[in-house]
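Trainee: Residue numbers (the working numbering), protein chains in the order written: chain A, 221 to 599; chain B, 221 to 599.
Cβ atoms here follow ideal geometry from the backbone N, Cα and C, with glycine treated the same way.
#1: Using a beta-carbon distance below 7 Å, is residue 466 of chain A in contact with chain B?
#2: Name, please, each residue of chain B whose Cβ falls closer than 7 Å to the Cβ of residue 514 of chain A.
#3: For residue 412 of chain A and chain B, any beta-carbon pair shorter than 7 Å?
#4: Residue 454 of chain B by DSSP, collapsed to three states: which one?
#5: Are any of the Cβ atoms in chain A nearer than 7 Å to that of residue 574 of chain B?
#6: Leaving out five residues on either side along the sequence, give the residues of the same chain with a beta carbon under 8 Å from the beta carbon of residue 541 of chain A.
#7: Quick check on the burial criterion: 16 or more other C-beta atoms within 10 angstroms. Buried or exposed for residue 365 of chain B?
#8: Could you tell me whether the segment 350-362 of chain B touches the segment 255-268 of chain B, using the rule of 3 or more Cβ pairs below 8 Å?
#9: Less than 6 Å separating the Cβ of residue 287 of chain B from some heavy atom of the ligand HEM?
#10: Could you tell me whether the segment 273-283 of chain A touches the segment 331-341 of chain A, where touching means 3 or more Cβ pairs closer than 8 Å?
#11: Considering only C-alpha positions, which residue in the set A:236, A:238, A:514 is nearest to residue 603 of chain A?
#12: Relative to the C-alpha of residue 510 of chain A, which candidate in A:532, A:566, A:418, A:559 has its C-alpha closest?
#13: Interface residues of chain A around residue 458 of chain B at Cβ under 7 Å?
#14: If we define contact as Cβ-Cβ less than 7 Å, is residue 416 of chain A a contact residue for chain B?
#15: Sort A:460, A:492, A:531 by Cα distance to residue 545 of chain A and report the nearest one.
#16: Measuring alpha carbon to alpha carbon, tell me which residue in B:425, B:474, B:412, B:424 is nearest residue 469 of chain A.
#17: On the three-pair Cβ rule with 8 Å, is the segment 489-502 of chain B touching the segment 520-531 of chain B?
#18: Would you call the CB atoms of residue 324 of chain B and residue 591 of chain B closer than 7 Å?
#19: At which residues does the beta strand (DSSP E) containing residue 480 of chain A begin and terminate?
#20: Could you tell me whether any Cβ in chain B is nearer than 7 Å to the Cβ of residue 449 of chain A?
#21: Looking at the strands, I want to know which residues DSSP matches up with residue 262 of chain A.
#22: When the Cα of residue 518 of chain B is compared with those of B:503, B:282, B:595, B:555, which residue comes out closest?
#23: Alpha carbons only, please: which of B:404, B:474, B:593, B:446 is nearest the one belonging to residue 553 of chain B?
#24: Using the beta-carbon of each residue, which ones in chain A are nearer than 8 Å to residue 498 of chain B?
#25: For the beta strand (DSSP E) containing residue 239 of chain A, name the first residue and the last one.
#26: Please name the residue, chosen from B:299, B:376, B:318, that lies closest to residue 367 of chain B on a Cα-to-Cα basis.
#27: If you draw a straight line from the alpha carbon of residue 440 of chain A to that of residue 406 of chain B, how long is it in whole angstroms?
#28: Taking the alpha-carbon positions, what's the residue 236 of chain A to residue 543 of chain A distance?
#29: Cβ of residue 453 of chain B less than 7 Å from any chain A Cβ?
#30: Would you kindly check if the distance between the Cβ of residue 288 of chain A and the Cβ of residue 305 of chain A is under 7 Å?
#31: I need the boundaries of the beta strand (DSSP E) containing residue 567 of chain A, first residue and last residue.
#32: Where do the N-terminal and C-terminal ends of the beta strand (DSSP E) with residue 540 of chain B fall, by residue?
#33: What residues of chain B sit near residue 332 of chain A, judged by a beta carbon separation below 9 Å?
#34: Between the beta-carbon of residue 566 of chain B and the beta-carbon of residue 536 of chain B, is there less than 7 Å?
#35: Chain B beta carbons: is any one of them nearer than 7 Å to that of residue 462 of chain A?
#36: Whose C-beta lies closer than 6 Å to the C-beta of residue 496 of chain B among residues of the same chain, with five residues either side of it excluded?
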């Protein structure tokens, strides 16, 4: 029996490859409203009678709702099967697990590729600029639809961690535990700079056409690939790159004195760029990186990060990785200090990994133990 | 009286805005030969009667020969007037200073924009792939032309430091002192990765046309600007970016919820990209980054960096900056250890600076003191 077949057979709201069109309107931080709001999502496990075992998993920039199920485009297994599944810390036998494609993305939730009801054409760059908080508001609408009043926990890594942190600030009574992995309370100047490079790479591609490329059957794939390559470097540690590739040559004995991918790391990066464009929309990349750059939890609370957490009674757990230079441990410490200042209960651990920011997506037994321990302690 | 007028009036080899066409052939590491070899250069000061006061300054990736004289395109003062000039550590009153545009560049020395004598057309991507050692060989040819038999010192930061390190390995008896600032003995996987992003950004620009854009009057400026933006982030420290820009908005009170450069750091980066393309050739960027990626001094000496320095009797001085994450202090230490193993005399200092890799181009009184002390000790 597959994870979800029991409930899938009785209630079409639950299961794999679900999507819902909610009338909204969703009021956005920009002042604009969005209607309708499409949300594509996956659920695993069953909501218990008390409604007390729901866990929302929030995905990262280029992630998706297929946290523990096969990706429909790539055919690859879910992106977090190491942490989510039977016998794993987030377990459909015990938890009712929800993961939704974020607003602005391109795997079924409303985003720039969606049809603008006002014109019948794709929104493209007429889609409203969104924020991390807007993504969270859309998730809350989905939970209403699913009949989930309160989350046992909200969990996320990277941009997913940003959403997890925003949850108790917008819905202080609606979440009992918050688990934030390899994340930050605000995007730094360097974070913004890397994203801006990516956006400029996309917008410099003549096939971007100001965002109106959907009808052409073409897309700014070259620009998007460059954006992905630049970002991908930030996901890996210098030591990890050296360990994995060093200066090893790619399937050749000697340098070619040309511009082919002589080095394995070049070949690897090109592959990352090329494979990414098959599964991701360039305009979505623009919108989601913008949301991340706008993200600054303290700014949204009169400059006080502690104030953001003054209303919630949720328990917090933060995990960072020692080689993560995108959202380094110091950023997690800032959050921990603010939570202490707000009188919240928080545990924090920095884990050792050679893999940099991407460590949370890789085999990390220590991380799994921390997740498992925290979730059980919060039950 | 300007710095150079005394000699400029008597010998046309010396002075500002000089260039020479040498017949060559220059035998390159790739096996190809280059003929003729154009070298554009600047000299400051006068070679003394003993010929013992010559200092060669080697420039960085996007640097040029205008180390202490006005740039002909931008009109800006020389890029290292903080260290080179009357009363400065490298002083035309005491030293005969030479700085040449590196082979492969675009400020007058032979590079992809030069005319291929075989076709009468620009080389473009038919220019041979060059190495850091090839750049040094061209510099040695220039010194022959100038009648400089031995260098009192070779000095360089970043890619200039690579050339400075290669000098005593190719010409062990021709250099008495080697000063290497913010540099490395090899390009790491992460270094290569960032360069590959830049190259892909250029090559993805349809206006690159496989390198044959010179006749069109057009150029892949959008791709080159993205390449520059990505590289520029690596020249600055995270702390420096935060101090300089943080999340400050650019000439506005609030976020615009759009894709303009809301943040100062975005505006700054865009400016860096746009202004760079006015003074630099995209194909040169491809060739020089390739040379840097190929650079691995140990690899050229049977895997032993110490062996690279076994023949020279030069004295060495290395300077690194604590916030430089492009060529961090650890890379300088590797060189220092190898020099010790080779029995060479070497001094090393890590300087504190908030400015990352770019620190060597900025106001750095500590660096000036170290340069001055080292050069005087070697006299």
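Mentor: By the coordinates alone:
#1: yes
#2: 475
#3: yes
#4: helix
#5: no
#6: 402, 549, 570, 571, 572, 573, 575, 576, 577, 579, 580
#7: exposed
#8: yes
#9: With respect to small molecules bound, the structure shown includes none, and the ligand HEM cannot be examined in it.
#10: no
#11: No information on residue 603 of chain A is available, as it lies outside the stretch 221 to 599 that chain A covers here.
#12: A:418
#13: 408, 410
#14: yes
#15: A:460
#16: B:412
#17: no
#18: no
#19: Neither: residue 480 of chain A is in no beta strand (DSSP E) and is coded neither H nor E.
#20: yes
#21: A:319
#22: B:555
#23: B:404
#24: None at all; the shortest Cβ gap to chain A is about 16 Å.
#25: 238-242
#26: B:318
#27: 34 Å
#28: 35 Å
#29: yes
#30: yes
#31: 566-571
#32: 535-541
#33: Within chain B, no residue comes near residue 332 of chain A; the closest Cβ sits about 11 Å away, beyond 9 Å.
#34: yes
#35: yes
#36: 448
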